[in-house]
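See structure below.
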Amino acid sequence: MTWILNDITINAVFQVLSNAKSPQGEEMDPPRDVIMHNVECSGKEESLWHCRAQRDKNLKCSSKAYVIKYEGKWQRVDKKGWTAMNSDVVCNQLNCAESVKNKEDFQKYSQGSGTFLAKTITCGENYDSISKCVLKNRSPGNSDFLGRPNPNVNKEAVGITCQGHAMIFLEGDYCSGKVGIKTLQQQQQQQQTYWLSGSNSTWNQETANIVCQEMHCGGVLNVTNTQPVLEEKVWDKFYNCSPKETSLFDCGETQNPKDNATIAIVKCSGEKTFNLSEGCWGYVNVCLNGECGGVCANPWTEEDSHMLCTSRNCGEHVLKPITKTKPMEVKFKSLHFIDKTHNLTKCNLVRFDDNDTTCNDDPAYVVCSGSVEASFNTSRKKCSGGLKVYYENQTLPVCEEALKDKKTRNIICQELECGQAADEIKDGPKTAKGPAISQIKCSRDDEALTQCKMNTNDRPCTPAALQCSSWRKFALVGGPTACSGNLFVHSKDNNKSAVSTEGWTETEGNRLCRDLNCGNLISNETRKTDASWTTSFSCAGVKKLESIWDCEKTTLHLPSNNEKQIFIECQGDPKVSLSTKCAGEVRVNNLEVCNTNWEDRYSRLVCQEQNCSNAIGFSVDKMPNKEKEYYHVNCDLHHFNIGQCNRVKGKCDKTLVSVFCAGNVKFNSTEKCGGQIQVNYRNNWEKVCPLAEPFPVKLLKTLCEKLDCKGYNSSIKGSEHLEKVDLATTLNCTKDNNDPIHCVKKNSCANKKPAEIYCNVRIFRKRMSTKEVEIEIESGDYDNVPDMSNQMEDMGAARFREDGSFHSNNDVSDAAEMQPLTLQTLTAAEGEHLLQDVPMDKEEDSQEDSQEDYDDIEACPEFTQTEAEVHESPQESTAEEPLLVEGDDDYLVPGQD
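The numbers in the sequence shown follow my numbering, run straight up by one, and end at 897.
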């Protein structure tokens with residue numbers, strides 16, 4: 001039958017049900033988690049609790065979710081609006097005194113799966129039954145997607161624990177030890193510990209068997225007792241159990257025996273274990289007598305997780321899960337502990353009934369701090385590099401912010417047997433995406449990473465890199481390639497030790513080549529060394545070989561200089577290149593390089609490796625493909641080419657690197673042998689910042705020679721009317737420079753006039769004389785040249801532009817390229833004799849020009865070639881033109897009579 005009071009059926013603790021019918025005569029499906037069944041009532045009982053029934057074991061005056069039966073349906077009661085007075089009425093009705101008023105109750109009960117009662121319950125102070133309380137309709141509250149009231153949204157079921165609540169436990173092992181009873185006293189409202197009497201009159205095989213079954217530990221193996229110690233109190237109730245009972249509290253009570261001063265001890269046949277599915281992380285796994293399963297996540301608490309981590313020696317902190325593995329089958333609804341200590345040996349289990357769906361296949365999942373393990377990314381170094389943490393079966397980068405505390409860095413170095421933290425270094429991509437260790441908090445007393453708290457998040461961060469005091473790294477010295485050379489180990493304080501041939505085989509050689517990103521081994525050779533120290537390696541017997549450092553043995557001081565060392569050659573020599581000759585994008589094995597840690601020193605290595613002299617600089621203008629991975633390069637001081645540097649692949653959040661070498665430098669000027677200096681070193685012509693004072697004259701002469709001019713003319717000071725502009729390149733020369741290509745620097749200047757240079761121009765003229773005469777003239781900007789001469793000068797200048805050996809300037813307009821070269825000191829008639837400048841580096845320089853080239857010059861039987869030097873000069877002269885004097889050399893001297 002079902003106990004019905006004004007259409008309200010009480011269910012405290014779990015649910016209460018007999019196999020009877022509803023008031024309407026319908027068969028009622030039994031609710032889950034039944035604590036009373038086979039209920040028989042005479043109708044005279046004060047409450048349902050006083051009826052004869054088979055009760056759930058191991059529980060007394062305690063509740064999970066409080067539910068009632070209203071209008072024929074079992075329904076949960078919402079915690080919102082529920083009062084302590086209501087709980088007192090329920091506890092009093094169950095003869096369990098008042099309810100526990102402790103707001104910090106450590107128990108969390110299963111929420112169940114039924115619907116919530118759409119009414120509020122209000123009880124008065126002197127009510128003795130929940131059926132007498134007032135029910136009122138709730139406000140609509142949350143609604144479903146159709147706008148109808150949804151009674152199950154954002155609700156929490158009421159949980160009740162009454163004073164007098166008692167639980168049994170075993171003090172010792174999971175299934176053996178002293179039999180204890182934890183109870184809540186009515187007056188103190190706090191837990192008290194008692195011990196079951198070990199009297200021979202009451203503590204026997206039958207009673208012990210009930211205790212073993214109640215603790216899910218099988219049958220009884222051994223029954224003994226012991227004397228109490230210190231303040232241990234013996235429970236004042238004595239039981240006489242029979243095989244039909246399932247709980248100690250169901251057994252009939254008996255009189256106080258005389259020998260009641262001992263404490264009961266039992267050893268059960270069963271086995272009960274608690275663990276995590278993956279060691280120190282994973283699903284909570286409970287095994288009873290070989291049958292294992294998960295525990296429902298709903299009533300599982302943070303305190304439960306902490307207890308499980310500490311009991312398994314898995315660290316002291318509970319970490320946030322990132323991903324969960326394949327779910328396991330849930331077989332237990334909850335674990336209930338007797339006190340806040342959360343000792344696994346002092347907990348009680350609640351099993352699932354068949355077809356119970358209250359957990360919704362959501363097992364409890366825990367990640368303990370003891371599951372994490374730190375390591376370094378790169379294997380070519382030891383105790384140095386990018387830091388990573390093994391976390392929940394995946395490797396996570398560590399954010400730079402997580403290592404800001406030196407205590408944390410020291411703990412990591414010590415745990416990895418690397419001494420103390422030394423420096424924070426650069427390594428790898430600048431941005432880590434996806435899950436990452438965002439915070440590590442270690443207290444002053446923490447000595448291991450497992451004792452520290454950790455947080456993760458998915459926000460991008462700068463990955464951390466760490467170098468410890470015991471760092472070591474390999475160096476190849478004296479080899480023809482990046483992947484060959486005498487093998488050394490470098491360590492702190494600039495210590496170097498040669499790698500000994502002792503124990504070194506092809507196994508060690510292949511492992512090292514792979515760790516250096518150099519492919520497979522080609523050969524191991526033996527060389528003599530004058531090093532004072534040697535380090536030996538041997539991989540024999542190493543079970544988990546992850547890097548060559550796993551094979552490191554000893555470092556010894558050499559008594560003599562007769563020791564032999566390894567010279568190694570690997571086949572995977574990386575190919576470093578530029579996209580164009582001596583300039584362009586840097587590539588390693590045809591893969592571009594990201595501007596993560598790039599430095600000027602790396603640019604010098606690239607240019608020297610390409611036989612392109614020194615580096616001018618690098619640019620970071622080209623954007624990467626966001627879906628592509630690029631190399632991130634980080635070089636040590638002992639690396640002599642880029643192929644030896646540390647490199648890792650990763651997404652590039654910055655730009656790609658382009659390097660410009662001195663071997664790509666070309667010079668030009670805006671005018672023939674004069675004007676503004678132009679330089680091309682990154683595939684475009686650009687003007688340069690003003691030259692520093694004093695500028696080495698020898699380099700100015702060299703620059704004029706590169707412009708195919710005879711020499712530098714210091715008498716011309718340049719124009720005062722040049723526009724001031726922003727410039728990006730400087731000629732920064734010193735007296736030690738021998739070539740201006742080494743002076744080009746990527747240094748900017750703002751609002752400056754571009755640098756100028758004026759050189760002597762070598763020109764040739766033809767005349768009727770049979771002797772070759774060289775004429776030195778100055779060229780300049782002269783406005784008062786007769787129009788007739790301009791016409792011929794246009795032709796002469798055009799020929800200079802066509803056949804000259806200086807480099808074309810893309811930034812100079814067509815009009816500028818065709819601008820005539822004006823010679824103030826020559827008359828119009830003499831100007832007609834100006835011929836094109838023949839480049840000196842061409843084979844046809846010495847050949848005579850054909851007469852057909854000059855339509856306006858009278859044919860002559862022979863010609864004398866005359867060379868003139870032309871200088872740009874802004875000065876004007878009205879003096880008569882000097883006569884040409886025949887001789888070995890004829891000159892035009894400007895300004896002389």
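Even glycine gets a Cβ: it sits at the ideal position worked out from N, Cα and C.
Looking from the CA of C268, the closest CA among H306, T224 and G252 belongs to T224.
Residue environment: M623 is assigned as exposed (fewer than 16 neighbouring CB atoms within 10 Å of its CB, all protein chains considered).
At a Cβ-Cβ threshold of 8 angstroms, T262 and S369 do not count as neighbours. Residue pairing by DSSP places D423 opposite Q467 in a beta bridge. Under the three-pair Cβ rule at 8 angstroms, the region 654-667 counts as touching the region 602-614. Non-local C-beta neighbours of S384 in its own chain, meaning closer than 6 angstroms and more than five positions away in sequence, comprise Q467 and W471, ordered along the chain. In this structure, S438 lies near N457, with their beta-carbon atoms less than 8 angstroms apart. For E373, the enclosing beta strand (DSSP E) starts and ends at E373 to F376. The beta carbon of C309 sits closer than 8 angstroms to the beta carbons of C280, G315, E316, H317, V318, V366, C368, S369 and G370 from its chain, once the five residues preceding and following it are set aside; these are given in chain order. Residues of the same chain with a CB within less than 6 angstroms of the CB of S547, apart from the 5 flanking positions on each side, are S379 and D515 in chain order. Every beta strand (DSSP E) stretch that sits fully inside the region 682-720 and reaches 3 residues is listed by chain position as 685-687.
Every unbroken stretch of the beta strand (DSSP E) spanning 3 or more residues and falling wholly within the region 300-361 is given here in chain order: 330-337 and 347-351. For the pair N275 and R312, the CB atoms are nearer than the 8 angstroms cut-off. Distances from the alpha-carbon of K651 to those of Q644, K717, I642 and V633 put V633 closest.
Fewer than three Cβ pairs drawn from the region 193-211 and the region 324-336 lie within less than 8 angstroms of each other, which leaves the two stretches out of contact. The beta carbons of C123 and M85 sit closer together than 8 angstroms. Boundaries of the beta strand (DSSP E) harbouring N486: S484 to S491, taken from the DSSP string.
The DSSP-derived three-state label of T734 is coil. Beta-bridge annotation (DSSP): S197 is paired with I263.
Burial check for G434: the Cβ neighbour count within 10 Å stays below 16, so the residue is exposed. Annotation for G711: K701, C704, C759 and N760 place their beta carbon closer than 7 angstroms to its own, counting only its chain and skipping 5 residues before and after. A Cβ-Cβ distance of about 6 angstroms is found for the pair D621 and T655, placing them in contact under the 8 angstroms criterion. The alpha carbon of L396 has as its nearest neighbour, out of T462, Q414, R351 and A422, the alpha carbon of T462.
Approximately 5 angstroms separates the beta-carbon atoms of L387 and A464; this is inside 8 angstroms, confirming the contact.
In the DSSP annotation of this structure, the continuous segment of the alpha helix (DSSP H) that includes D600 starts and ends at D600 to E609.
The C-alpha of N520 is placed about 29 angstroms away from the C-alpha of S532.
In this structure H721 is exposed. Its beta-carbon is surrounded by fewer than 16 other beta-carbon atoms within 10 angstroms. In this structure, the beta-carbon distance from I566 to T501 falls below 8 angstroms. DSSP, read as helix, strand or coil, puts A615 in strand. Here DSSP, grouped into helix, strand and coil, assigns M454 to strand. DSSP, read as helix, strand or coil, puts T507 in helix. Look at the region 629-674 and you find no whole run of alpha helix (DSSP H) that is 4 residues long or longer. With respect to the 8 angstroms criterion, D573 and C452 are not classified as neighbours on the basis of their beta carbons.
In terms of CA proximity to G294, N360 leads the group V234, N360 and W235. Between the alpha carbons of N486 and A498 lies a distance of about 8 angstroms. In this structure V576 touches N641 by the C-beta definition: roughly 7 angstroms separates them, less than 8 angstroms.
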